[in-house]
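In the working numbering, the protein residues as written are 170 to 358.
Pasting the structure below:
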């Protein structure tokens with residue numbers, strides 16, 4: 170039997186656990202080139218990104234971003250990686266998608282995502298804390314990549330849902346010169 174692809178939750182989060190501050194800002198989460206290159210290597214083997222509407226709207230800019238020589242190598246590399254991946258956007262309010270290799274789903278269906286994992290030949294990621302909460306509560310998340318930014322924002326959009334208990338096993342950690350820390354966990358069955 171072919172191995173089942175993993176569903177990975179990846180997020181840049183403040184040390185106090187938020188992906189956006191109370192005003193919706195996340196300028197404090199912009200990675201430097203070292204962190205960006207690391208993220209590129211994390212997502213390079215991923216075949217499909219699962220997004221909620223807000224995360225998709227944030228990431229859709231990579232479709233048309235100017236990736237000329239004025240951009241860093243890490244930015245140019247990420248744009249190529251992002252454009253090559255398939256995307257599934259879950260939204261009841263979005264009328265249409267604006268990027269290639271993208272399909273729109275109205276509702277998150279845990280069974281459908283489970284079937285997608287079972288038939289995928291490479292890993293999938295899920296991004297956006299609201300959408301990820303559905304997958305976490307459904308027991309679909311196999312891997313966790315949290316990049317902790319060296320900042321406390323005091324409130325906002327939490328990176329992880331309340332009311333869920335999941336056992337995790339630490340796979341690796343890494344410190345960056347900018348103060349970011351990467352924590353990689355796998356779900357402990």
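Every residue, glycine too, gets a C-beta built ideally from N, C-alpha and C.
| Member of 328, 204 and 276 whose CA lies at the smallest distance from the CA of residue 262 | Counting from one through the chain shown, the residue named residue 262 turns up at place 93. Looking at the Cα atoms, 276 is the closest of the given residues.
| Do you know offhand how far residue 331's Cα is from residue 302's? | Here residue 331 refers to the residue found at position 162 when the chain shown is read from its first residue. Here residue 302 refers to the residue found at position 133 when the chain shown is read from its first residue. Roughly 9 Å between the two C-alpha positions.
| message | Please classify residue 209 as buried or exposed, where buried requires at least 16 neighbouring CB atoms within 10 angstroms. | response | Locating residue 209 in the chain shown gives position 40, counting from the first residue. Buried, since its Cβ has 16 or more Cβ neighbours within 10 Å.
| query | Considering only the beta carbon of each residue, do residue 259 and residue 313 sit closer than 7 Å? | reply | Counting from 1 along the chain shown, the entry for residue 259 is found at position 90. Counting from 1 along the chain shown, the entry for residue 313 is found at position 144. For residue 259 and residue 313, no; Cβs fall outside 7 Å.
| request: Per DSSP, which residues does residue 257 bridge with? Please list them. | output: Position 88 of the chain shown, counted from the start, is the residue given in the question as residue 257. 219 and 272, per the DSSP bridge assignment.
| Mind pulling the beta strand (DSSP E) runs of 3 or more residues that sit fully within the stretch 290-348? | 293-296, 312-318, 325-327 and 337-344
| Going by DSSP, what residues sit across from residue 183 in a beta bridge? | Taking the first residue of the chain shown as position 1, residue 183 is located at position 14. Per DSSP, 318.
| message | Between residue 293 and residue 285, how many whole angstroms is the CB-CB distance? I'm expecting something under 8 Å. | response | Residue 293 sits at position 124 when you count from the first residue of the chain shown. Residue 285 sits at position 116 when you count from the first residue of the chain shown. With a Cβ gap of about 7 Å, residue 293 and residue 285 count as contacting.
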